[in-house]
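The next block holds one structure in the form of C-alpha cells; read it before the comments.
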Amino acid sequence: MESALTLTNPIEMLSELVPELQASFDSGFLIEFGNSGYGITQYMAYACLVWVIVLAIVMVAGRKLTLVPNSKFVNMVEYGYQMVRNSIGEGTIGHGYKKHVPLLATLFFFILISNFIGLIPGAKAATGSIQITWALSIVAFVYFNYWGVKAHGGWGYIKSIAPSGLPAPMVPIIWVFEFVSLVIRVLTLAVRLYGNMFAGHMALGVFALFTSTFILSVVNGGMPAFGGLSIIWLLFEIFMYALETLVAFLQAYVFTILTAVYINLATSSH
Amino acid sequence: METTIVLAALKLVGYGLGAIGPGIGIGIACYGCCVGTARQPELAGRLFTNFILGAALAEALALLGFVLVFIL
Chain A
1 MESALTLTNP IEMLSELVPE LQASFDSGFL IEFGNSGYGI TQYMAYACLV WVIVLAIVMV
61 AGRKLTLVPN SKFVNMVEYG YQMVRNSIGE GTIGHGYKKH VPLLATLFFF ILISNFIGLI
121 PGAKAATGSI QITWALSIVA FVYFNYWGVK AHGGWGYIKS IAPSGLPAPM VPIIWVFEFV
181 SLVIRVLTLA VRLYGNMFAG HMALGVFALF TSTFILSVVN GGMPAFGGLS IIWLLFEIFM
241 YALETLVAFL QAYVFTILTA VYINLATSSH
Chain B
1 METTIVLAAL KLVGYGLGAI GPGIGIGIAC YGCCVGTARQ PELAGRLFTN FILGAALAEA
61 LALLGFVLVF IL
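Keeping their order, the protein sequence lines are chains A and B. This note's numbering applies: residue 1 is where the first sequence begins, and numbers increase by one. This note's numbering applies: residue 1 is where the second sequence begins, and numbers increase by one.
Have a look at this one:
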C-alpha cells in the first residue's frame with residue numbers, strides 16, 4: 001500500500017484505498033475456532049463490548065438509588081430511562097405499558113450505545129452489521145407476536161390482523177395485505193437500522209479518505225488547488241459527523257418506538 | 001465484465017427510482033406532522049408517533065429496494 005500513498009492524483013489513490021475501506025467493514029473472523037467456520041467477528045466483539053458497557057452503566061447507576069438522585073451520572077441514566085418509559089412506553093402503548101418497559105429500555109440502550117461507539121474513529125457500530133440487526137428485530141418480532149397471542153388468543157390474534165368493521169367480502173383481501181405488512185416488519189426493522197448505520201459510517205469513511213488523499217496529493221507535489229478542496233471535504237466530514245450523531249440517536253429512538261407501536265397494534269383490541 | 005458493470009449500474013438506478021416514492025411520502029408525512037404540531041402543540045407526542053409509524057410504512061418500500069440491490 002506504500003505506493004498508493006505517494007501518488008499525486010487523488011482519484012488514483014482513492015481507487016486503491018476505497019476497496020480497503022470497504023474491506024474493513026467485512027465481518028471476517030477475529031478469532032476462528034479451528035477450521036469449523038465458527039468464530040468471533042469484529043461486530044460480535046463490539047456487541048459484547050456494548051453489552052458490558054450497558055450492564056456496567058446500569059449496575060453503577062442502580063447501586064445507590066435514592067428518591068431524589070443526587071449524582072449527575074445517576075440523574076442522566078434515570079433521565080434516559082424515564083424518556084423510554086414515559087415518551088415511548090406510556091405515550092405509545094398506553095394502558096398496561098409497564099411490563100413492556102424492560103424490553104424497550106434494553107433495546108434502546110443497546111442500540112444507542114452501540115451507535116455511539118460506532119462514532120469513535122476506527123471503531124465499528126455493532127448495529128452496522130445485518131446479522132446483529134436481524135437478531136434485534138427477531139427479538140422484537142417474536143415479542144410482540146407473543147403478547148398479541150397472549151392478549152387475543154391464537155385464533156383471535158390471527159383474526160385481529162385485519163381491522164374490524166370491514167364489509168365481509170373485503171376481509172380476506174385486507175387480511176392478506178395486513179399480514180404481508182406484519183411479516184415484512186421484521187425485515188424493515190432490521191434493514192432500516194443496518195442501512196442507516198452502515199451507509200452513514202461508509203459515507204464518513206469516504207469523506208475522511210477524500211480529505212486525506214487530497215491533502216496527501218499536495219504534499220506529494222500535486223496541484224495546490226487540491227489543498228483547498230481538502231478543506232471543503234473536511235467541512236463535509238464535520239457536517240456528516242454531526243448528522244450521524246443525530247442519526248445514531250434517532251435510529252435507536254425509531255427502533256424502540258416502532259417496537260412499542262407494534263406491541264400496541266398487536267395487543268390493543270380494535 | 002461489461003455486463004456486470006451494466007447490471008450493477010441498473011441495480012443502482014432501480015433503487016434510485018424506487019426511493020422516489022417513499023421520499024415523497026415521508027416528506028408529506030413530515031409536512032403533516034409539522035403543520036399539525038404548529039396548530040395544536042399539545043398533540044405533538046401523538047402526532048410524532050403517528051408520523052414515525054407512517055414514515056416506517058412508506059420507508060418499507062425503499063428498504064425492500066435496498067435489499068433487492070443486494071440479493072439480486
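Glycine included, every Cβ here is placed at the ideal spot set by N, Cα and C. Remember, predicted model here, so these are calculated numbers, not experimental data.
By the criterion of Cβ-Cβ separation under 9 Å, what are the contact partners of residue i in chain B?
i                     : result
residue 200 (chain A) : None at all; the shortest Cβ gap to chain B is about 14 Å.
residue 187 (chain A) : 60, 63, 64 and 67
Under 8 Å Cβ-Cβ, which residues of chain B neighbour residue i?
i                     : result
residue 27 (chain A)  : Within 8 Å Cβ-Cβ: nothing; residue 27 (chain A) doesn't reach chain B, min ~14 Å.
residue 91 (chain A)  : 45, 46 and 49
residue 273 (chain A) : The question about residue 273 (chain A) has no answer here: the residues shown for chain A are numbered 1 through 270.
residue 87 (chain A)  : 45
Exposed or buried, what is residue i when buried is set at 16 or more other beta-carbons lying within 10 Å of its beta-carbon?
i                     : result
residue 192 (chain A) : buried
residue 248 (chain A) : buried
residue 22 (chain B)  : buried
residue 79 (chain A)  : exposed
residue 35 (chain A)  : exposed
residue 70 (chain B)  : exposed
residue 3 (chain B)   : exposed
residue 173 (chain A) : exposed
residue 55 (chain B)  : buried
residue 12 (chain A)  : exposed
residue 6 (chain A)   : exposed
residue 231 (chain A) : exposed
residue 244 (chain A) : buried
residue 262 (chain A) : buried
residue 138 (chain A) : exposed
residue 24 (chain A)  : exposed
residue 30 (chain A)  : exposed
residue 185 (chain A) : buried
In chain A, what lies closer than 9 Å to residue i by C-beta?
i                    : result
residue 84 (chain B) : Summary: the structure shown does not reach residue 84 (chain B), with chain B confined to residues 1 through 72, and so no result is reported for it.
Could you give the residue range of the beta strand (DSSP E) that holds residue i?
i                    : result
residue 39 (chain A) : 39 to 41
residue 29 (chain A) : 29 to 32
With 7 Å set as the bound, which would you pick, yes or no: does the beta-carbon of residue i sit closer than that to a beta-carbon of chain B?
i                     : result
residue 195 (chain A) : yes
residue 267 (chain A) : no
residue 257 (chain A) : yes
residue 1 (chain A)   : Its pLDDT being 46, under 50, residue 1 (chain A) is placed unreliably by the model, and the measurement read from it follows with that caveat. Not closer than 7 Å to any Cβ of chain B, the Cβ of residue 1 (chain A) fails to qualify, so no.
residue 191 (chain A) : yes
residue 111 (chain A) : no
residue 184 (chain A) : yes
Could you check where the alpha helix (DSSP H) with residue i kicks off and where it finishes?
i                     : result
residue 23 (chain B)  : 2 to 39
residue 19 (chain A)  : 10 to 24
residue 192 (chain A) : 171 to 219
residue 160 (chain A) : 154 to 160
residue 72 (chain A)  : 72 to 82
residue 261 (chain A) : 225 to 267
residue 50 (chain B)  : 44 to 71
residue 107 (chain A) : 101 to 118
How about residue i: is its C-beta nearer than 7 Å to some C-beta of chain A?
i                    : result
residue 37 (chain B) : no
residue 72 (chain B) : no
residue 4 (chain B)  : no
residue 21 (chain B) : no
residue 8 (chain B)  : no
Could you list which residues in chain A have their beta carbon closer than 7 Å to that of residue i, in chain order?
i                    : result
residue 56 (chain B) : 188 and 258
Residues of chain A with CB under 8 Å from residue i, in chain order?
i                    : result
residue 53 (chain B) : 258 and 261
### Query
Does the pairing of the segment 10 to 30 of chain B with the segment 48 to 61 of chain B give three or more beta-carbon distances under 8 Å?
Result yes; three or more Cβ-Cβ pairs closer than 8 Å.
### Query
Taking contact to mean at least 3 C-beta pairs separated by less than 8 Å, is the segment 208 to 221 of chain A in contact with the segment 181 to 196 of chain A?
no
### Query
Any chance the segment 172 to 187 of chain A sits against the segment 113 to 130 of chain A, with 3 or more Cβ pairs inside 8 Å?
no
### Query
Using 8 Å as the threshold, is the segment 250 to 268 of chain A in touch with the segment 148 to 155 of chain A, meaning 3 or more CB pairs across them?
yes
### Task
Kindly confirm or deny that the segment 230 to 240 of chain A and the segment 159 to 166 of chain A touch, where touching means at least three C-beta pairs closer than 8 Å.
With a cut-off of 8 Å, the segment 159 to 166 of chain A and the segment 230 to 240 of chain A do not count as touching, because too few Cβ pairs lie within range.
### Query
Between the segment 75 to 90 of chain A and the segment 250 to 260 of chain A, do three or more beta carbon pairs fall short of 8 Å?
yes
### Message
Does the structure place the segment 43 to 50 of chain A close enough to the segment 99 to 117 of chain A that three or more beta carbon pairs sit under 8 Å?
### Response
yes
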